[in-house]
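In my numbering, the protein residues as written are 2 to 175. Just so it is clear, CB atoms sit at the ideal spot from N, CA and C, and this is done for glycine as well. Let me begin by presenting the structure, written as structure tokens, before commenting on it.
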């Protein structure tokens, strides 16, 4: 019987050690952290930057609001196939009475015809967390509300194509 011996040179050990250290460093650097950018603004997160925390805060303040966790189309077309997909056996898809104020968080601006018609019919759509270039023009608007006047003050407004005027993205405030 012959016995083979496995010999590993110092050079091979050094290469393996470098590869192992590199793998460990990459794992640490590339691993997601608990406060990752993917979680920021999450409806389900209760962290300070999560909208779930904002919703819980508003509930504690006894602010009358209803959380709509269905597609916007299910609100404006309660009998549509999209709305029926989100209907539970004990729940009928009935849209809330109009006019209402809808706060849409971080989904971008679609600005479809249905949304524009919904706003024109007296409803208010507030878009929160939309990233868009804006001017630094001061702006104040008083909005009528059954619970009292709402004042909106901001210094960020969207610039129109001609560059001379500013406006809101969907509909007019006030």
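Collapsing the DSSP output to three states places residue 151 in a strand. A straight line joining the alpha-carbon of residue 145 with that of residue 129 spans about 20 Å. In the structure shown, the three-state DSSP call for residue 122 is coil. Secondary structure note for residue 104: its beta strand (DSSP E) is the uninterrupted segment 102–106.
Taken atom to atom, the span from the alpha-carbon of residue 142 to that of residue 125 is near 13 Å. Pairing residue 88 with residue 24, the inter-Cα distance amounts to about 48 Å. Contact between residue 104 and residue 120 is absent: CB atoms are separated by about 13 Å, not below the 8 Å threshold. In this structure, 147 is the residue among 73, 152, 147 and 154 with its C-alpha nearest to the C-alpha of residue 65. By the criterion of a C-beta distance shorter than 6 Å, residue 151 is surrounded in its chain by 144, once the five residues flanking it on both sides are discounted. Put simply, the backbone Cα of residue 115 is about 16 Å away from that of residue 71. Beta-bridge analysis with DSSP links residue 142 to 153. Residue 14 and residue 20 have their C-alpha atoms some 10 Å from each other. Annotation for residue 52: the continuous alpha helix (DSSP H) segment containing it runs 52–61. Taking every protein chain shown into account, the CB of residue 7 has fewer than 16 other CB atoms within 10 angstroms, so this residue is exposed. Here residue 77 is buried: its Cβ has 16 or more other Cβ atoms, across all protein chains shown, within 10 Å.
Our two residues, residue 155 and residue 149, have alpha carbons roughly 19 Å apart in a direct line. Counting only residues of its own chain and dropping the five nearest sequence neighbours on each side, residue 83 has a CB closer than 7 Å to the CB of 72, 74 and 75. In this structure, residue 52 lies away from residue 101, with their beta-carbon atoms at least 7 Å apart.
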